[in-house]
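I have placed the structure first, in the form of C-alpha cells, so that the comments after it can refer back to it.
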Amino acid sequence: MVEVLRDNLGALWGGVVTTLEITAMAFVGAVVVGVLVAVFRVSPIPPLRALGAVYVELFRNVPLLSLLILTAYGLPYLGVDLSLFTTAVVCLLLVSASFTCEAVRAGINGVPVGQAEAARAIGMTFTQSLAGVILPQALRTMVQPLVNIFIGVVLGSSMAAAVAVPELTYTAQQIGNETAESMLMFVISAIVYIVIALLGGATGSVLERRLAVRR
Amino acid sequence: MSEALSRRSLLRLSGLSALAVAATGGLAACGNDTSALSGNQTDVSAYDQIIADGPVADEAAVAASPWATKIKESGTLRMGGSDAGPLFSMKDPATGKLTGFDAGLAQLLSHYITGKADGPIALTISTVDTRETLIQNGTVDVVVATYSITPQRAEKVAFAGPYYRSGDAVMIKADTTGISGVQDLDGKTVATQQGSTAADRITKVAPGAKVSLFPDDAQCLAALKTDRVDAYVIDQSILISNASTDDTVKVVGEPFSDDYYGIGLTRDDATAKEFVNTFLTEIFSGGAWLNMWKATIGTVVTGEEPKPPEIGSAPGS
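This is the structure:
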C-alpha cells in the first residue's frame, strides 16, 4: 500500500495540479460570467433579462456529464475543436456561472430596496447605482454561497475524468487499475478533495470577516 | 429596476423549471415506445440453445465446493460484468436480454452449477474500479468482464482460466494515412478503454504514443471519429465489430499483443477456482466454448476458429 503511494506520487501530484488548474479557471470564469448574467437579469432592458433567464435555465438544468459529452464529441461536428482540457473548463464554467448568477441575484435582492431608491433619487444611473451601491453590499452577503459554488466546482472537476482529462480522479482511477488498489486510490483522492474544499471554505470565512461592515 | 428585482421574477423562474420538468418527463415517456433498436447481432435462440446444451456438474462435485453449493442453493449465479460491451456482454435495450461471450460463459457456468436450462444470472454492473472489491466483499460470485489476468490483481482475487486470448489491434479513421499498425503510433495520440491493459503495451511498442483512457467503447469511438485521437486500440474483435457497422473507421495491422481474460473469483475459498477451472475444461473439450465464440465474437471475426487457451497459462492464473 505504501509502495503503491510512493511509486505513483508524481503521477498523483500531476493529477492534483490539473484539478487545481481546472478549478481555478472555471471558478474565476464562473464568477465573472455569473455576475455579468446576474446584471443582465436585474437590468431594466427586457431582452437582456430574457437572455439572462434563458442562460440560467439552460445551464443550471443540464447534467454536467451530458454537457461534457456533447461539447467533447458533438461540437467537433460543427467545426468547433476545443481540447479536452478546455472542454472541461468551459463546461464547468458555464454550469457554475448559472449558479453564481442566482447567488448574486439573491444577494442583490437582499439589499434593501430603499438603497436603490436613494441612489436613484440622487441622480445615479442604473450602472452607477449597481456598481457603487448595490453590488458592494450584495457581494458581502454572497461569500458563503460563493464558497458553496467553489466546492461545487472542485467536486464537479472530477467529471472531467469522463472525457479523459488527466485530473485527480482520472489519475487515481488509472493508478488503481494498474495496481489493483482502486479503493485505496478513491480514499486518497477523496482526502485531497476534502482538503481543497476546506481550504476554500477557510478562505471564505477570512474574506467574510474582512468584508463585514462594522456598524 | 425595482420592478426587475421584484418577487415576480422568482415566480416566473419556478414556472419555467416546472415546464422543463414536464418536458423531460414527456420525452422520457416517448422513449419507451421507440426503442426497437437491437443492440446485438447475436441469434438469440441459437445462443440460448448453447446454454441449455451445456454440461452440468454432478452432485458430488458441487457438494465438494462450499462456493458452488451456495450458488446452487440460491439458484442464481451473481455475476459482475458489463451491459455495454459489444460482443462480450451487451444488454439489448428493447428486451433487456444480456448476450455476449462473457455473459454466455457466465450463463453456462450458472447452468453447470444449478442445472437450470436458462442458466439464470443476476448482473451487477462492475467497473474497472470496483471489480476486485465486488469479489472481495462477496457482492458477486464471479466477475466475467474481459478481465485481464495480471499478477497485481491476482493478489486480491483468484483467476480461473484463462478462457480467452485477446489480441489488441489498431483502429483508425478510414481516411487516415500513414498508420498501418502499432509501430506507426509513435508520436500519435491513442485512445483505449479505462481498465484495459492496452495502455502499457502501446507505450512498450511505441514509446512516443500519448495514450488517453476513455470510459467505454462508445466514447473511444467518438473520440476517434471527432479527431481527438489518431487511433483507437483495443481487442481486435471489438474493433472489427465497430468497423462492421461503421464505414468511417477501419482496422489496420495484425493483433500485436497477448492478453488473457480470466474469471475473477474469491481467494477465500480455494475450491471456487478449482471448480470453475473444471467447468472451463469441460466446455473447452465439449464444444460449448467454441459454439459460444461462434455465436458472439465469431459473428464478426472471420478466419480460423480459435483454440481455447491452456488453463493456468497466464501469470496470475
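Taken in order, these protein sequences are the chains called A and B.
In this text, residue positions in the first sequence follow this note's numbering: the first is 51, and each later residue adds one.
In this text, residue positions in the second sequence follow this note's numbering: the first is 1258, and each later residue adds one.
Cβ atoms here follow ideal geometry from the backbone N, Cα and C, with glycine treated the same way.
1) Taking DSSP as the reference, what is the three-state secondary structure of B:Asp1290?
2) I'd like the list of long-range same chain contacts for A:Asp131, defined as Cβ closer than 8 Å, with 5 residues on each side in sequence excluded.
3) Apart from the five residues on each side of it in sequence, which residues of its chain come closer than 7 Å, Cβ to Cβ, to B:Pro1572?
4) Please go through the same chain and pick out, in chain order, the residues whose beta-carbon is closer than 6 Å to the beta-carbon of B:Ser1346, but skip the five residues on each side of it.
5) Please report the residue range of the alpha helix (DSSP H) in which B:Gln1450 lies.
6) Could you pull the start and end residues of the beta strand (DSSP E) that B:Val1509 belongs to?
7) Tell me where the alpha helix (DSSP H) around A:Gly250 begins and ends.
8) Can you find a C-beta in chain B that's less than 8 Å from the C-beta of A:Leu144?
9) Using 8 Å as the threshold, is the C-beta distance between B:Ala1456 and B:Val1468 below it?
10) Determine the direct distance from the alpha carbon of B:Ala1351 to that of B:Ala1285, and round the result to whole angstroms.
11) How would you label A:Arg259, buried or exposed, when you count the other beta carbons within 10 angstroms and need 16 or more for buried?
12) Just the chain A side, please: which residues come within less than 8 Å of B:Arg1585 by C-beta, in chain order?
13) State the Cα-Cα distance for the pair B:Thr1446 and A:Leu128, rounded to the nearest angstrom.
14) Got a sec? Which residues, its chain only, sit under 7 Å from A:Ala153 by beta carbon, not counting five neighbours each side?
15) Please confirm if B:Ala1279 has its CB atom under 8 Å from at least one CB of chain A.
16) Given a cut-off of 8 Å on the beta-carbon distance, is the pair B:Met1336 and B:Ala1379 in contact?
17) Any idea what DSSP makes of B:Ile1520, helix, strand or coil?
18) Give a yes or no on whether the C-beta atoms belonging to A:Leu143 and A:Ala214 are separated by under 8 Å.
19) In the structure shown, what three-state DSSP assignment does A:Tyr220 receive?
20) Let me see if you follow: with CB-CB separation under 8 Å, is B:Gln1409 close to chain A or not?
21) Taking Cβ positions, are B:Ala1417 and B:Lys1530 nearer each other than 8 Å?
22) If contact is defined by three or more beta carbon pairs under 8 Å, each pair taking one atom from either stretch, is the stretch 232 to 245 of chain A in contact with the stretch 1382 to 1390 of chain B?
23) By Cβ distance, which residues of its chain are closer than 6 Å to B:Thr1333, with the 5 residues on each side in sequence left out?
24) Under a three-way DSSP split, which group does A:Pro186 fall into?
25) Is B:Gly1519 close to chain A, meaning its C-beta is less than 8 Å from at least one C-beta of that chain?
26) Do you know offhand how far B:Thr1553's Cα is from A:Gly206's?
27) B:Lys1413 versus chain A: which residues are under 9 Å apart at the beta carbon?
28) Could one say the Cβ of A:Gln187 lies closer than 8 Å to chain B's Cβ atoms, at least one of them?
29) Using the beta-carbon of each residue, which ones in chain B are nearer than 7 Å to A:Gly226?
30) Kindly say whether A:Ala181, judged by its beta-carbon, lies nearer than 8 Å to any beta-carbon of chain B.
31) What separation, rounded to the nearest whole angstrom, lies between the Cα atoms of B:Ala1293 and B:Ile1308?
32) Nearest to A:Ile184 by CA position, among A:Leu101, A:Ala147, A:Ala88, is which residue?
33) Of the residues B:Phe1532, B:Gly1569, B:Val1486, which one's Cα is nearest the Cα of B:Ala1321?
34) Excluding sequence positions up to five away, which residues of its chain have a Cβ less than 7 Å from the Cβ of B:Ala1463?
35) Tell me which residues of the stretch 109 to 142 of chain A have at least one Cβ-Cβ distance to chain C shorter than 8 Å, keeping chain order.
36) Should B:Tyr1369 and B:Phe1541 be called a contact, given that it needs their Cβ atoms to be closer than 8 Å?
Answer, in terms of the structure:
1) Since pLDDT at B:Asp1290 reaches only 36, below the 50 mark, its modelled position is unreliable, and no value is offered.
2) Answer for A:Asp131: Leu125, listed in chain order.
3) Cβ-Cβ distances below 7 Å link B:Pro1572 to Pro1408 in the same chain, with the five nearest sequence neighbours on each side left out; the list follows chain order.
4) Correct list, in chain order: Gly1338, Ser1339, Gly1357, Asp1359, Ala1360.
5) Premise fails: B:Gln1450 lies in the beta strand (DSSP E), 1446 to 1450, not in any alpha helix (DSSP H).
6) First-last of the beta strand (DSSP E) with B:Val1509: 1506 to 1509.
7) Start and end: 232 to 261.
8) With its beta carbon at least 8 Å from every one in chain B, A:Leu144 lies outside the interface.
9) Cβ distance < 8 Å, so B:Ala1456 and B:Val1468 count as in contact.
10) Residue placement at B:Ala1285 is poorly supported in this model, since its pLDDT is 39, which falls under 50; the coordinates still yield a value, given next. One C-alpha to the other measures close to 15 Å.
11) A:Arg259 counts as exposed, since fewer than 16 other beta carbons sit within 10 angstroms of its beta carbon.
12) This structure gives no information on residue 1585 of chain B, because the portion of chain B shown stretches from 1258 to 1574.
13) Looking at the backbone, the Cα of B:Thr1446 and that of A:Leu128 are separated by about 22 Å.
14) Answer for A:Ala153: Met192, Pro195, Leu196, Ile199, listed in chain order.
15) Any reading at B:Ala1279 needs caution, since the residue's pLDDT is 40, under 50, leaving its predicted position unreliable; the model's value is listed next. No, B:Ala1279 does not count as interfacial toward chain A.
16) For B:Met1336 and B:Ala1379, yes; Cβs fall inside 8 Å.
17) If DSSP states are grouped into helix, strand and coil, B:Ile1520 belongs with the strands.
18) No; because the gap between Cβ atoms is not below 8 Å, this pair is not in contact.
19) When DSSP states are grouped into helix, strand and coil, A:Tyr220 belongs to the helix group.
20) Output row for B:Gln1409: interface = yes.
21) Taking 8 Å as the cut-off, the Cβ atoms of B:Ala1417 and B:Lys1530 count as close.
22) Contact between the stretch 1382 to 1390 of chain B and the stretch 232 to 245 of chain A is established, with three or more Cβ pairs separated by less than 8 Å.
23) Excluding sequence neighbours, B:Thr1333 sits near Pro1377, Ala1379.
24) DSSP places A:Pro186 within a helical segment (H, G or I) once states are collapsed to three.
25) So no, B:Gly1519 is outside the interface.
26) In this structure, the straight-line span from the alpha carbon of B:Thr1553 to that of A:Gly206 is close to 39 Å.
27) Around B:Lys1413, the beta-carbon contacts reaching into chain A at under 9 Å are Ala230, Glu231.
28) Not an interface residue.
29) When 7 Å is used as the limit between beta carbons, A:Gly226 is near these residues of chain B: Asp1386, in chain order.
30) Closer than 8 Å: no.
31) Low per-residue confidence applies at B:Ala1293: pLDDT is 35, beneath 50, and the placement is therefore not dependable, though the value from the model is reported in the following sentence. Rounded to whole angstroms, the separation of the alpha carbons of B:Ile1308 and B:Ala1293 is 26 Å.
32) Of the candidates A:Leu101, A:Ala147, A:Ala88, the one whose C-alpha sits nearest the C-alpha of A:Ile184 is A:Ala88.
33) Comparing Cα positions, the closest option is B:Phe1532.
34) So the qualifying residues of the chain are Val1439, Gln1440, Leu1442, Asp1443.
35) The displayed structure is made up of protein chains A and B, and chain C is not among them.
36) Cβ distance not < 8 Å, so B:Tyr1369 and B:Phe1541 don't count as in contact.
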